[in-house]
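Read the structure below first, then the notes.
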Amino acid sequence: MNRLTNKQIILGVTGGIAAYKSAELVRGLQKAGAKVRVVMTSSACEFITPLTLQALSGNPVHIDLLDTKAEAAMGHIELARWADLVLIAPASASFISRLSRGSGEDLLSTLCLATDSQIALAPAMNQAMWRDSATQTNLEMLTEKGVKILGPDEGEQACGDVGLGRMLDVDQLLIEVREFFQSHELNGRHVMITAGPTREAIDPVRYISNESSGKMGFAMAEAAVDAGAKVTLVTGPVNLETPEHVERIDVISTADMHRAVFKNLPNCDIFIGSAAVADYRPTQVADRKIKKGDEDHAMTIELIRNPDIIAEVAASASRPFTVGFAAETHNLIEYAQKKLKQKNLDLIIANDVADKQIGFNSNDNEVTLISRKDSTVLPKMSKAKLARLLIDQLAQHYLSSKQEADV
Ligand code: C5P
45 MNRLTNKQII LGVTGGIAAY KSAELVRGLQ KAGAKVRVVM TSSACEFITP LTLQALSGNP
105 VHIDLLDTKA EAAMGHIELA RWADLVLIAP ASASFISRLS RGSGEDLLST LCLATDSQIA
165 LAPAMNQAMW RDSATQTNLE MLTEKGVKIL GPDEGEQACG DVGLGRMLDV DQLLIEVREF
225 FQSHELNGRH VMITAGPTRE AIDPVRYISN ESSGKMGFAM AEAAVDAGAK VTLVTGPVNL
285 ETPEHVERID VISTADMHRA VFKNLPNCDI FIGSAAVADY RPTQVADRKI KKGDEDHAMT
345 IELIRNPDII AEVAASASRP FTVGFAAETH NLIEYAQKKL KQKNLDLIIA NDVADKQIGF
405 NSNDNEVTLI SRKDSTVLPK MSKAKLARLL IDQLAQHYLS SKQEADV
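Sequential numbering from 45 applies to the sequence shown in this note's numbering.
Written out as structure tokens, the structure is:
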């Protein structure tokens, strides 16, 4: 079963006897690899102490909207942006009512208003409260807005009643959360991604390279796995862990990368070139360390053009759906559109690397996805979140191009 590595989850805990299960839920999410931050309502604190959830999650628990210390550490808007998923378990009838009204009376409901991420509720309440038409109307409204309702379960309740209203078991909730991160859009497809820089040797100890960290390509590989694809990641020298279920091929030079890509190209459905490939390499590589002469004030290294891997992929007989990146310091969109045509790509992801807050070595990025027909701006967010959005959009373009080809 897929883990939840690097997934950022806010666990909202509201007032109800099932709140004791939140402790186990925090453990389960973390064991699966997720990063968890807990937000509690004040009534939840009557059932389980913030200290317990703080100790288990390893992060301060957020409770008050107007707590200056907590806001200074990670404000509610920042929390709302941080989350890949806001899971509220248990969700009481009163909280469900507040959420459906769009109330911002407490931190948790304010955060739900502010987030663009998926919200999921695991209701927990007495069976009569569950059946009540007010609760059902509130849930219908929330479902219409895209909130996911997980459960409830049927059985004996803490108050002695029997019926629907128990919170789903922690194991079942963990299955649902994993399912949320699996889009299945690319089931059965083979995606190849290049990442990182390439390195061109000058002599045995020197080389030409660039600042690429590989983070964006690795995040794309992880997101493609979550979308159900078989993923081959051809990477230059980077300092990153291999995402789960990804076949990683390490290369050094552009020639190595070119070889590895073409070896794996048969049966590849989608190719994503996120590597910052060195455009030139020294014409000759010295087999011994080059020494400086006593009188030398300058030296010249002659460079020769490297093959354009992505352009060759797009021109190959078994051409996969081909997606490139354009990292530019100026005239971003104009250059990206030009590259899309010149290299005969299906999509290009334009990335402003002049801005140090985004691009090459940072954890955030902001890009414009450009197709032959239109373009979409994806605003600044973490590379992991952005990668999931990009894979989702890319899968839709890919699937509609297949449909067009089939007609
Ligand atoms: O031409 P430029 O390097 O700006 O193009 C960027 C896109 O082309 C990226 O997708 C990059 O991975 C790919 N590329 C390549 N081989 C090269 C140069 C760039 O695959 N030699």
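Don't be surprised by glycine CBs; every beta carbon is placed ideally from N, CA and C.
ask   = If you count every other CB in all the chains shown that lies within 10 Å of the CB of A178, and 16 or more means buried, which is it?
value = As a working note, residue 178 is residue 134 in the sequence shown. That one is exposed.
request  = Using alpha carbons as the reference points, say which of T112, I345, I402 lies closest to V411.
outcome  = Here the question's residue 411 lines up with position 367 in the sequence shown. Checking every option, the nearest Cα to that of V411 belongs to I402.
message = Between which residues of its own chain and A431 is the CB-CB distance below 6 Å, once the five residues before and five after are set aside?
response = The sequence position of residue 431 within the sequence shown is 387, counting from 1. Excluding positions up to five away in sequence, the list reads A263, M264, A267.
query = Ends of the beta strand (DSSP E) at L277?
reply = Stepping through the sequence shown from its first residue, residue 277 is reached at position 233. Segment 274–279, the beta strand (DSSP E) holding L277.
message = Quick check: what's the CA-CA separation for R233 versus Q440?
response = For this step, residue 233 is matched to residue 189 along the sequence shown. For this step, residue 440 is matched to residue 396 along the sequence shown. In a straight line, the C-alpha of R233 is about 13 Å away from that of Q440.
key: Cα-Cα separation between A76 and A273, rounded to whole angstroms   = For this step, residue 76 is matched to residue 32 along the sequence shown. For this step, residue 273 is matched to residue 229 along the sequence shown. Their Cα atoms are separated by approximately 20 Å.
query = Looking only at its own chain, which residues have a Cβ that is under 6 Å from the Cβ of L443, when we skip the five neighbours before and after it?
reply = Within the sequence shown, numbered from 1, the residue matching residue 443 stands at position 399. Cβ neighbours of L443 within its own chain (closer than 6 Å, five residues either side excluded): none.
request  = May I ask you to list the residues that DSSP assigns as paired with V290?
outcome  = Walking along the sequence shown from the start, residue 290 turns up at place 246. Note: V290 is bridge-paired with V275 in the DSSP secondary-structure output.
message = With a threshold of 6 Å (Cβ to nearest heavy atom), would D300 be considered close to the ligand C5P?
response = The residue given as residue 300 occupies position 256 in the sequence shown. D300: no, Cβ never under 6 Å from the ligand C5P.
query = Does DSSP classify F365 as helix, strand or coil?
reply = Translated into the one-based positions of the sequence shown, residue 365 becomes position 321. Here F365 carries a strand assignment [DSSP, helix/strand/coil].
request  = Determine the closest residue to I316 out of D338, P287, T366, S360, with distance taken between C-alpha atoms.
outcome  = Numbered from its first residue, the sequence shown carries residue 316 at position 272. Of the listed residues, the one whose Cα sits closest to I316 is T366.
task = On a CA-only basis, which of V235, I334, M260 is nearest V305? Give me that one, please.
result = Working through the sequence shown from its first residue, we reach residue 305 at position 261. With distances taken between Cα atoms, V305 lies closest to V235.
query = Just how far apart, CA to CA, sit D323 and L129?
reply = For this step, residue 323 is matched to residue 279 along the sequence shown. For this step, residue 129 is matched to residue 85 along the sequence shown. Cα-Cα distance, rounded: 40 Å.
key: N409, enclosing beta strand (DSSP E) - first and last residue   = Sequence index remark: in the sequence shown, residue 409 carries index 365 (1-based). Element bounds for N409: 408–415.
L183 beta carbon less than 7 Å from that of I193 = To locate residue 193, count along the sequence shown from 1; it is residue 149. To locate residue 183, count along the sequence shown from 1; it is residue 139. Cβ distance < 7 Å, so I193 and L183 count as in contact.
ask   = For A359, is the beta carbon positioned less than 6 Å from some heavy atom of the ligand C5P?
value = Residue numbering aside, residue 359 sits at position 315 when the sequence shown is read from its first letter. A359: no, Cβ never under 6 Å from the ligand C5P.
ask   = Which residues in the same chain as P241 place their Cβ atom closer than 6 Å to its Cβ, once the five residues preceding and following it in sequence are excluded?
value = Looking up residue 241 in the sequence shown gives position 197. Hits under 6 Å: S253, N254, S256, G280, A320.
ask   = Do A355 and K387 have their CB atoms nearer than 7 Å?
value = As a first step, residue 355 is located in the sequence shown; it is residue number 311 there, counting from the start. As a first step, residue 387 is located in the sequence shown; it is residue number 343 there, counting from the start. Yes. Within cutoff.
message = Give me, in chain order, the residues of the same chain whose beta-carbon lies closer than 7 Å to that of S66; leave out the 5 immediate sequence neighbours on both sides.
response = Here residue 66 refers to the residue found at position 22 when the sequence shown is read from its first residue. These residues qualify, in order along the chain: L55, V57, I92, L97, A133.
query = With distances taken between CB atoms, is the gap from A394 to L422 smaller than 7 Å?
reply = On the sequence shown, residue 394 is found 350 positions in, with the first residue counted as 1. On the sequence shown, residue 422 is found 378 positions in, with the first residue counted as 1. Remark: C-beta atoms of A394 and L422 do not approach each other more closely than 7 Å.
task = Give the DSSP-derived three-state secondary structure of M236 in the structure shown.
result = Translated into the one-based positions of the sequence shown, residue 236 becomes position 192. M236: strand per DSSP, three-state reduction.
query = Given 8 Å as the limit, is there contact between the stretch 329–348 and the stretch 370–385, that is, 3 or more CB pairs closer than that?
reply = With the cut-off at 8 Å, the stretch 329–348 and the stretch 370–385 do not touch.
query = Relative to the C-alpha of E200, which residue among D176, N170, D215 is closest?
reply = Looking up residue 200 in the sequence shown gives position 156. Its Cα nearest to that of E200, the residue N170 stands out among D176, N170, D215.
ask   = Can you tell me where the alpha helix (DSSP H) with G72 in it begins and where it stops?
value = Along the sequence shown, read from residue 1 onward, the residue named residue 72 stands at position 28. That run of the alpha helix (DSSP H) goes 65–75.
ask   = Quick one, are the C-beta atoms of E229 and A271 less than 7 Å apart?
value = In the sequence shown, counting from the first residue as 1, residue 229 sits at position 185. In the sequence shown, counting from the first residue as 1, residue 271 sits at position 227. In this structure, A271 lies closer than 7 Å to E229 by Cβ.
message = If I measure Cβ to Cβ from T154 and keep anything under 8 Å in the same chain, skipping five residues before and after, which residues do I get?
response = As a position in the sequence shown, residue 154 is number 110, starting the count at 1. Hits under 8 Å: L109, H120, G148.
C-alpha gap between A245 and I345, whole angstroms = On the sequence shown, position 201 is the one that residue 245 refers to. On the sequence shown, position 301 is the one that residue 345 refers to. When only Cα atoms are considered, A245 and I345 end up about 11 Å apart.
request  = Determine, using beta carbons only, whether L151 and V221 come nearer to each other than 7 Å.
outcome  = Here residue 151 refers to the residue found at position 107 when the sequence shown is read from its first residue. Here residue 221 refers to the residue found at position 177 when the sequence shown is read from its first residue. At least 7 Å separates the beta-carbon of L151 from that of V221.
Any heavy atom of the ligand C5P within less than 5 Å of residue CB: hits in chain order = In chain order, the qualifying residues are G317, A319, V321, N350, D352, I353, I354, G368, F369.
key: Beta-carbon contacts of V456 that lie in its chain and below 7 Å, excluding the five residues immediately before and after   = The question about residue 456 has no answer here: the residues shown for the chain are numbered 45 through 451.
ask   = Grouping DSSP H, G and I as helix and E and B as strand, with all else coil, what is G199?
value = Position 155 of the sequence shown, counting from 1, holds the residue named residue 199. The answer is strand: DSSP assigns G199 an E or B state.
task = Drop a sphere of 10 angstroms on the beta-carbon of Y251, count the other beta-carbons inside from all chains shown, and report buried for 16 or more, exposed for fewer.
result = Position 207 of the sequence shown, counted from the first residue, corresponds to residue 251. Buried, by the Cβ-count rule.
inquiry  = Suppose you measure from the CA of Q437 to the CA of K417; what does that come to, to the nearest Å?
reply    = Position 393 of the sequence shown, counting from 1, holds the residue named residue 437. Position 373 of the sequence shown, counting from 1, holds the residue named residue 417. Going from the Cα of Q437 to the Cα of K417 covers about 14 Å.
query = Does the distance from the CB of M211 to the CB of A166 come in under 7 Å?
reply = The residue given as residue 211 occupies position 167 in the sequence shown. The residue given as residue 166 occupies position 122 in the sequence shown. Contact: yes.
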